[in-house]
Amino acid sequence: CEVVTTCIGQRGNVDGIQNDEVNIADLTYLVAYLFVGGPPPPSLEETDVNADGDINIADLTYLVDYLFTGGPPPELCP
10 CEVVTTCIGQ RGNVDGIQND EVNIADLTYL VAYLFVGGPP PPSLEETDVN
60 ADGDINIADL TYLVDYLFTG GPPPELCP
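Counting from 10, one number per residue, gives the positions in the sequence shown under the numbering used here.
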């Protein structure tokens, strides 16, 4: 699996499925990557959900907020 460092779609598309919406599969992928040694995401920038330059629990929190409590959507890539 090649890891891409550029953002070509929407932040939050952690599983990297092209033309896919941000959904529970992305959340599951991020949890596996962060906590149980899951594979790296296809695009590190798309995985940086909150666009702060790091991939960590803050991205997970942002994604949960968006998916379940009406939080703001992740930004589109520049």
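C-beta atoms are modelled at their ideal positions from N, C-alpha and C, and glycine is treated no differently.
Note that the structure is a prediction, hence the values are computed from the model and not measured.
*With a cut-off of 8 Å on the beta carbons, I'd call P51 and Y42 a contact; round off their distance for me.*
Incorrect: roughly 11 Å between the Cβ atoms, too far for contact.
_Pop quiz: G25 and Y75 are said to be a contact at Cβ under 8 Å. What is the actual Cβ separation, rounded to whole angstroms?_
Wrong, their Cβ atoms sit about 18 Å apart, outside the cutoff.
*Pull up the DSSP beta-bridge partners for Q19, would you.*
L85
*Same chain, Cβ closer than 7 Å to I17, five either side skipped, listed in chain order*: Excluding positions up to five away in sequence, the list reads S52, C86.
*Test item: CB-CB of D35 and L69 under 8 Å*: no
*Inter-residue spacing [alpha-carbon to alpha-carbon] between I4 and G79*: Residue 4 is absent from the model: the chain starts at 10 and stops at 87.
*Looking only at its own chain, which residues have a Cβ that is under 7 Å from the Cβ of A60, when we skip the five neighbours before and after it?*
R20, E84
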